[in-house]
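Notes for the one structure printed next.
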Amino acid sequence: MKANIAILPGDGIGPEVVAAAVDVLRAVAQRHGHQFTFVECAVGGAAIDAYGEPLPPATLDACRKADAVLLGAVGGPKWSDPKAKVRPEQGLLALRAALGVYANLRPVRVHPRLANLSPLKNERLAGVDVLFVRELTGGAYFGAKTRTAEQATDETKYTVEEIERVVRRAFELSRTRRRHVTSVDKANVMETSRLWRETVTRIAAEYPDVDFEHQLVDSMAMLLLTKPAAYDVVVTENLFGDILTDEAAALAGSLGLLPSASLGEDRTGLYEPIHGSAPDIAGQGLANPLGTILSAAMLLRHSLHLDAEATSIEAAVESVLASGELTRDLGGKAGTREMADAVLAALAAQQRAAA
Ligand code: NAD
Ligand code: IPM
Ligand code: MN
Numbered sequence: 005m006k007a008n009i010a011i012l013p014g015d016g017i018g019p020e021v022v023a024a025a026v027d028v029l030r031a032v033a034q035r036h037g038h039q040f041t042f043v044e045c046a047v048g049g050a051a052i053d054a055y056g057e058p059l060p061p062a063t064l065d066a067c068r069k070a071d072a073v074l075l076g077a078v079g080g081p082k083w084s085d086p087k088a089k090v091r092p093e094q095g096l097l098a099l100r101a102a103l104g105v106y107a108n109l110r111p112v113r114v115h116p117r118l119a120n121l122s123p124l125k126n127e128r129l130a131g132v133d134v135l136f137v138r139e140l141t142g143g144a145y146f147g148a149k150t151r152t153a154e155q156a157t158d159e160t161k162y163t164v165e166e167i168e169r170v171v172r173r174a175f176e177l178s179r180t181r182r183r184h185v186t187s188v189d190k191a192n193v194m195e196t197s198r199l200w201r202e203t204v205t206r207i208a209a210e211y212p213d214v215d216f217e218h219q220l221v222d223s224m225a226m227l228l229l230t231k232p233a234a235y236d237v238v239v240t241e242n243l244f245g246d247i248l249t250d251e252a253a254a255l256a257g258s259l260g261l262l263p264s265a266s267l268g269e270d271r272t273g274l275y276e277p278i279h280g281s282a283p284d285i286a287g288q289g290l291a292n293p294l295g296t297i298l299s300a301a302m303l304l305r306h307s308l309h310l311d312a313e314a315t316s317i318e319a320a321v322e323s324v325l326a327s328g329e330l331t332r333d334l335g336g337k338a339g340t341r342e343m344a345d346a347v348l349a350a351l352a353a354q355q356r357a358a359a
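If you're matching positions, the sequence shown starts at 5 in our numbering and goes up one per residue.
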């Protein structure tokens with residue numbers, strides 16, 4: 005098939021991990037006879053430096069025309085002055101809003117070989133396989149903000165429609181998994197959470213074949229550490245989802261491993277690792293590219309409907325982890341390039357085995 009993929013490397017380790025994932029996409033295209041066209045665009049701090057804004061119109065235009073968007077990470081100390089007029093992160097938020105990608109899928113699994121990297125006891129990690137569905141275009145991230153010298157506010161707003169569509173997505177996804185949905189809110193304090201809970205309860209009645217429960221977010225933060233294997237699909241609002249998924253990354257062993265897919269009603273999805281620009285290791289070739297490579301696999305599955313190709317990338321990553329070729333965040337010595345080459349070699353080995 006022919007596909008047009010917008011590539012937004014961004015800042016810090018973004019360009020390093022995106023280059024690795026593009027190599028993997030090229031290899032998959034070649035093996036399966038697809039024609040992928042990559043259009044590279046500026047976003048984040050790099051775009052502020054070049055064009056004075058974090059999401060230049062040409063970038064947004066290219067993303068809208070693309071079948072899918074692959075993004076590295078944005079932000080860094082250079083653009084983090086609290087008094088700065090514009091921040092790299094605003095570009096990412098504006099892109100999510102413009103593409104209407106309200107459902108952010110963040111799968112978390114624990115590879116047995118990496119279980120000893122987690123601060124948790126190994127026996128608690130057996131069977132961990134959680135899909136977080138984070139609402140991505142509403143809540144405190146997009147509410148009105150005010151600021152005077154003496155006070156500041158961030159409005160949290162959700163409409164029934166915003167809650168319904170992401171919660172339905174979560175229930176639908178649970179039917180392809182273990183049919184268990186946990187909805188996370190703070191309904192004992194927040195009015196938006198009470199609306200969230202009421203709406204989820206109503207939608208859950210449409211899915212009698214799916215088990216569902218409510219949890220309060222503070223308690224959920226603890227339950228994720230005490231019984232992580234008990235969860236299947238976890239659906240929650242934007243801010244809670246941001247926090248809980250970084251927490252969940254500690255189960256998997258490293259933030260560098262976790263991919264994400266952000267989906268709306270249209271085909272154009274946005275794919276990015278959940279980690280940031282990692283300024284502490286940027287430019288050194290040390291970043292773990294697997295979260296971005298696995299995001300590229302999600303891109304093939306969700307935007308291009310190339311399921312077999314997605315699965316082959318996931319299997320290649322599994323075999324690399326099993327072989328013990330690991331980046332520093334996973335306790336190994338491999339660099340970004342070596343890790344990408346190991347994934348490419350695993351893909352080539354699959355091809356030889358199939359021939
Ligand atoms: P971070 O995710 O960039 O880094 C947190 C820690 O994890 C660091 O020690 C880093 O070295 C490590 N890490 C992250 N990704 C890694 C990888 N692939 N391989 C190995 N180690 C990895 O979070 P932060 O330091 O809090 O934020 C840095 C900047 O990134 C901030 O400007 C923040 O706003 C931005 N950020 C962007 C995104 C995004 O673009 N989606 C996500 C999170 C943070
Ligand atoms: C993420 C990041 C972003 C978020 C920031 C960079 C705006 O932390 O993708 O998880 O909070 O959504
Ligand atoms: Mn985050």
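Here a beta-carbon is modelled for each residue, glycine too, at the ideal position from N, C-alpha and C. From a predicted model like this one, the values you see are computed outputs, not experimental measurements.
Check whether the Cβ atoms of residue i and residue j sit closer than 8 Å, and answer yes or no.
{"i": "V78", "j": "G143", "result": "no"}
{"i": "G295", "j": "L330", "result": "no"}
{"i": "S316", "j": "L351", "result": "yes"}
{"i": "V32", "j": "A66", "result": "no"}
{"i": "T272", "j": "A70", "result": "yes"}
{"i": "V185", "j": "F216", "result": "yes"}
{"i": "V73", "j": "P58", "result": "no"}
{"i": "L255", "j": "S122", "result": "yes"}
{"i": "I167", "j": "L199", "result": "yes"}
{"i": "A174", "j": "V237", "result": "yes"}
May I ask which residues mark the beginning and end of the beta strand (DSSP E) holding residue i?
{"i": "N292", "result": "Note, N292: premise wrong, no beta strand (DSSP E); not H, not E."}
{"i": "V112", "result": "A107 to R113"}
{"i": "G273", "result": "G273 to Y275"}
{"i": "G131", "result": "From DSSP, G131 is part of no beta strand (DSSP E); its letter is neither H nor E."}
{"i": "I11", "result": "K6 to G14"}
{"i": "A265", "result": "A265 to L267"}
When every heavy atom of ligand 2 is checked, does at least one fall within less than 7 Å of the C-beta of residue i?
{"i": "D311", "result": "no"}
Hey, would you say the C-beta of residue i is under 7 Å away from at least one heavy atom of ligand 3?
{"i": "I17", "result": "no"}
{"i": "I9", "result": "no"}
{"i": "D65", "result": "no"}
{"i": "D1", "result": "This structure cannot settle anything about residue 1, because the visible part of the chain is limited to 5 through 359."}
{"i": "D250", "result": "yes"}
Along the chain, where does the alpha helix (DSSP H) that runs through residue i open and close?
{"i": "T435", "result": "This structure does not reach residue 435, given that the chain is present from 5 up to 359, and the question cannot be answered."}
{"i": "S223", "result": "V221 to T230"}
{"i": "A338", "result": "Run containing A338: none; DSSP gives neither H nor E here."}
{"i": "N3", "result": "Residue numbering for the chain in the displayed model covers 5 to 359; residue 3 lies beyond these limits and cannot be assessed."}
{"i": "I285", "result": "I285 -> no alpha helix (DSSP H), and no H or E assigned at all."}
{"i": "T249", "result": "N242 to A256"}
Consider the C-beta atom of residue i and the heavy atoms of ligand 1; say whether any pair is separated by less than 7 Å.
{"i": "G147", "result": "no"}
{"i": "V347", "result": "no"}
{"i": "P283", "result": "yes"}
{"i": "E57", "result": "no"}
{"i": "E329", "result": "no"}
{"i": "D333", "result": "yes"}
{"i": "E342", "result": "no"}
{"i": "H279", "result": "yes"}
{"i": "G142", "result": "no"}
{"i": "E166", "result": "no"}
{"i": "S266", "result": "no"}
{"i": "N120", "result": "no"}
{"i": "E276", "result": "yes"}
{"i": "L74", "result": "no"}
{"i": "G336", "result": "no"}
{"i": "S299", "result": "no"}
{"i": "V21", "result": "yes"}
{"i": "L96", "result": "yes"}
{"i": "V321", "result": "no"}
Quick one: complete alpha helix (DSSP H) runs, 4+ long, within the stretch 19-103? 49-55, 61-69 and 92-103
Start-end ranges of the beta strand (DSSP E) lying completely within the stretch 136-218, minimum 3 residues: 149-151, 156-158 and 184-189
Which residues have their C-beta within less than 5 Å of a heavy atom of ligand 2, listed in chain order? E93 and D246
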